[in-house]
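Remarks on the structure that follows.
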Amino acid sequence: MMAGHTTLERIESYLPERSVRIEELGEHLGLRRAALGVFRKFYGLDTLRFDPSLDLFDLLRPAARRALDALPAGGRIAYLVYAHTTQAVAPADLDVAQVVRDDLELAGTEAFGLSHQACVSSLGAIDVVGELLRAEGDENAYALMVTGERAYSPVVQHVPNTAIMADAAAACLVTLDGAGDRVRSFVTRTLGEYARWLELTPEQNTEFGEQYGPRIAGVIHTAVAEAGLSFEDIELIIPHNVNMLAWRQTIKWLEVAPEKVFLENVPRYSHTFASDVFVNYTTLRDEGRLVDGAHYVMVSVGLGATFGAMVITHRKDGGT
15 MMAGHTTLER
25 IESYLPERSV
35 RIEELGEHLG
45 LRRAALGVFR
55 KFYGLDTLRF
65 DPSLDLFDLL
75 RPAARRALDA
85 LPAGGRIAYL
95 VYAHTTQAVA
105 PADLDVAQVV
115 RDDLELAGTE
125 AFGLSHQACV
135 SSLGAIDVVG
145 ELLRAEGDEN
155 AYALMVTGER
165 AYSPVVQHVP
175 NTAIMADAAA
185 ACLVTLDGAG
195 DRVRSFVTRT
205 LGEYARWLEL
215 TPEQNTEFGE
225 QYGPRIAGVI
235 HTAVAEAGLS
245 FEDIELIIPH
255 NVNMLAWRQT
265 IKWLEVAPEK
275 VFLENVPRYS
285 HTFASDVFVN
295 YTTLRDEGRL
305 VDGAHYVMVS
315 VGLGATFGAM
325 VITHRKDGGT
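Sequential numbering from 15 applies to the sequence shown in our numbering.
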């Protein structure tokens, strides 16, 4: 097996142009004004990208193609992994990963999907393809992680008392020992007792809410320790956009200043399934706010319930 550090050579994201205020979705989601008021006042939501006319593959294509632009001459895409949150994202006769592979004209690439960590699946997919590339043993081998799905029904789009889901996509070109951001650690914890999310009792929902902050904080601290760093070494936490209330609670458990967690995209874009951390990363990068040599923690939580944190070191001269 080939040694080497997993590196993120190019991260790209895509957001549909159509933006709506959450109140415009009230009738569609069956939410009354009071419920929408809670999402706005307490959860911090405002607008989100939502385009019912957009095809799934039109959503996935732009970021994937831009990420592929970083593939150097002589490099080959050995793996394409489509990381998604919901189990059913397309008709049963369509293998989304294989359709994307063929659409990108990646002949000979092994394509497959991952979804069992829900919104953490995109980070988990990076960890998986890193291991596959090590087993591949080819220094010219790369992997393309693609994520993105549509909030295609009210059942999928509204997570009660938690989030309103939005449309977005992202892609990440991965290799070993490249010039891009170095992955220093990846830690997950799964609480299987919450696997039947829609069937939880009120008592279980309360219990999960009480565990949410300390569980994320614990996973973040473990990931930082496994990266050989202290929390003082971390420049910024790049989180998922579930809601502001959940992150305020988590910040208390982390015992850090609020500005240590990037939350500016929560009111702009809301929660975008497994794409959040990459949308947030590209926002920071495009605004010139990522520091060369600095360490960042990408964090997400998936229903079911999985908590995940990945520590990376940003390298400005790399593909990102």
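Quick reminder that beta carbons are idealized off the backbone N, C-alpha and C, glycines included.
For residue i, count the other beta carbons within 10 Å of its own beta carbon; 16 or more makes it buried, fewer makes it exposed. Which is it?
i: F56; result: exposed
i: H98; result: buried
i: G192; result: buried
i: S244; result: exposed
i: A111; result: buried
i: G333; result: Interpretation of G333 is limited by its pLDDT of 46, a score under 50 that renders its predicted location unreliable; no figure is taken from the coordinates.
i: D290; result: buried
i: T176; result: buried
i: A149; result: exposed
i: A155; result: buried
i: S135; result: buried
i: G151; result: exposed
i: A17; result: exposed
i: S11; result: Since the first and last residues shown for the chain are 15 and 334, residue 11 lies out of range.
i: H328; result: buried
i: S284; result: buried
i: T220; result: exposed
With H, G and I counted as helix, E and B as strand and the rest as coil, what does DSSP make of residue i?
i: G18; result: coil
i: E31; result: coil
i: G162; result: strand
i: R90; result: strand
i: F276; result: coil
i: A177; result: strand
i: S136; result: helix
i: F222; result: helix
i: G127; result: strand
i: A184; result: strand
i: V305; result: coil
i: R47; result: helix
Could you give the C-beta distance for residue i and residue j, rounded to a whole number, given that I count them as a contact under 8 Å?
i: V197; j: H19; result: 7 Å
i: G40; j: R47; result: 7 Å
i: G194; j: T320; result: Incorrect: roughly 25 Å between the Cβ atoms, too far for contact.
i: L137; j: M258; result: Not really, about 21 Å apart at Cβ, beyond 8 Å.
i: Q131; j: G316; result: 5 Å
Could you tell me whether the stretch 125-136 touches the stretch 85-105, using the rule of 3 or more Cβ pairs below 8 Å? The way I'd put it, the stretch 125-136 does touch the stretch 85-105; three or more beta-carbon pairs between them come closer than 8 Å.
Report yes or no: do three or more beta-carbon pairs, one from the stretch 225-243 and one from the stretch 277-290, lie closer than 8 Å? No, they do not touch.
Touching or not, the stretch 285-302 and the stretch 153-168, by the rule of three or more beta carbon pairs under 8 Å? The stretch 285-302 vs the stretch 153-168: in contact.
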